[in-house]
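Enquirer: If you read the sequence shown in this note's numbering, its first letter stands for residue 16, the second for the next number, and so on.
The C-beta atom is built at its ideal place from N, Cα and C for all residues, glycine as well.
Structure incoming, see below.
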Amino acid sequence: MTSTPPAPPAAGTVPARDWRAPAAACTTVLLWASAFVSIRSAGEAYSPGALALGRLLAGTLVLGAICLVRREGLPSRAAWPGIIASGLLWFGLYMVVLNWGEQEVDAGTAAMVVNIGPILIALLGARLLGEGLPRRLLAGMGVSFAGAAVVGLSMSEHGGSSVLGVLLCLLAAVAYAGGVVSQKPALRHGSALQITTFGCLIGTVACLPFSGVLVSEAADAPLSATLNMVYLGVFPTALAFTTWAYALARTTAGRMGATTYAVPALVVLMSWLFLDEVPALLTVGGGLLCLAGVAVSRRRPQTGLKPSTPARPEEGPRHDAEREQAGRP
């Protein structure tokens, strides 16, 4: 008995959306929001450089083990410029200055300032990667940034911020944007797991000068702080950066950056639950604006009147739908 292949979708129908990339983006946003809270907790016992190195060591060990089990080889030579740039900027510089900044400001303000990054990502993506700037994306980012600003301003009224902390978080935003735009082309030449693993390794090497401080501080740190540091390495780093790369390979950098505007709203909620930082009503309103902007920027334009052309997402550049759909992680 022979089996017949399924019939192609009729003209005028819209193919079912692949849920894996949106699920990966949601996982990333949730875990990155938790990172802001864990950094505040672990930062009470670890200095910024030591915390970054400990986090990256944990992440590199987990990612390296997964690569060995899956027998992932080295990325191609063409991927290495992007891996090195993202490793130094995002895994290295970003994590150190973000840890430092979070010691100077509250978690909500840190999340707000760092989320200037998506605007920079969209602008750099348009300039360097040839990505468009759709009006829906710009409108959603504008709404989300307004919400993030409201969150930060409402929390800074309680004396939780400093000029130094804001400047450090701004530097983190620049490093974050540069890392994302550098990583995007590398994903054409390697899997999400490969690009994340070796980027994390490069960030670890860049932070090795803090190894002596890490050893001395770990000897006196409470177990809870050390567990928070390990959590940062395993989940917001190893898992979340991999799911980020998986989703980034399937859409534009600007659109992925806009998704992270959900982070301030989640940070406010988690800070309330785990750090006893009770949000003001204005803070809650800002968080809702962030989420509304993400919904606008992620919404697809209506395509029901067109015949089905199933292959490509309309927002991605030409390389986005290549071999990523062959089942790579």
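If you reduce the DSSP assignment to three classes, tell me which class Gln-118 lands in.
Expert: Coil.
Enquirer: Looking only at C-alpha atoms, which of Val-128, Thr-267 and Ile-210 sits nearest to Gly-88?
Expert: When only C-alpha atoms are compared, the closest one is Ile-210.
Enquirer: Can you give me the C-alpha to C-alpha distance between Ala-125 and Val-77, rounded to a whole angstrom?
Expert: C-alpha separation (whole angstroms): 27 angstroms.
Enquirer: For the 8 angstroms Cβ check, are there 3 or more pairs between the region 277-285 and the region 98-112?
Expert: With the cut-off at 8 angstroms, the region 277-285 and the region 98-112 do not touch.
Enquirer: Quick one: using the 10 Å Cβ neighbour count with 16 as the cut-off for buried, is Gly-145 buried or exposed?
Expert: The residue is exposed, with fewer than 16 neighbouring Cβ atoms inside 10 Å.
Enquirer: Please say whether Gly-97 and Ala-188 have beta carbons closer to each other than 8 angstroms?
Expert: No.
Enquirer: Taking Cβ positions, are Ser-91 and Gly-218 nearer each other than 8 angstroms?
Expert: For Ser-91 and Gly-218, no; Cβs fall outside 8 angstroms.
Enquirer: By the 10 Å Cβ neighbour count, where 16 or more other Cβ atoms means buried, how is Trp-47 classified, buried or exposed?
Expert: That one is buried.
Enquirer: Since Asp-235 is in the alpha helix (DSSP H), which residue starts that stretch and which ends it?
Expert: Run containing Asp-235: 226-235, per the alpha helix (DSSP H) assignment.
Enquirer: Going straight from the alpha carbon of Met-127 to that of Val-166, what length do you get?
Expert: Using only the alpha carbons, I get a separation of about 7 angstroms.
Enquirer: I'd like to know if the region 227-236 and the region 63-72 are in contact, where contact means that at least 3 CB-CB pairs between them fall below 8 angstroms.
Expert: The answer is yes - the region 63-72 touches the region 227-236, with three or more Cβ pairs under 8 angstroms.
Enquirer: Would you kindly report the start and end of the unbroken alpha helix (DSSP H) that includes Ser-56?
Expert: Element bounds for Ser-56: 35-57.
Enquirer: Please list the segments of the alpha helix (DSSP H) lying wholly inside the region 92-150, counting only runs of 4 or more residues, in order along the chain.
Expert: The qualifying runs are 95-101, 110-117, 122-129 and 132-143.
Enquirer: Check whether the region 134-148 touches the region 290-306, counting contact only when three or more Cβ pairs, one atom from each stretch, lie closer than 8 angstroms.
Expert: With the cut-off at 8 angstroms, the region 134-148 and the region 290-306 do not touch.
Enquirer: Check whether the region 262-270 touches the region 108-118, counting contact only when three or more Cβ pairs, one atom from each stretch, lie closer than 8 angstroms.
Expert: The region 262-270 vs the region 108-118: no contact.
Enquirer: Is Val-158 buried or exposed, if buried means 16 or more other CB atoms sit within 10 Å of its CB?
Expert: Val-158 is buried by the Cβ-count criterion.
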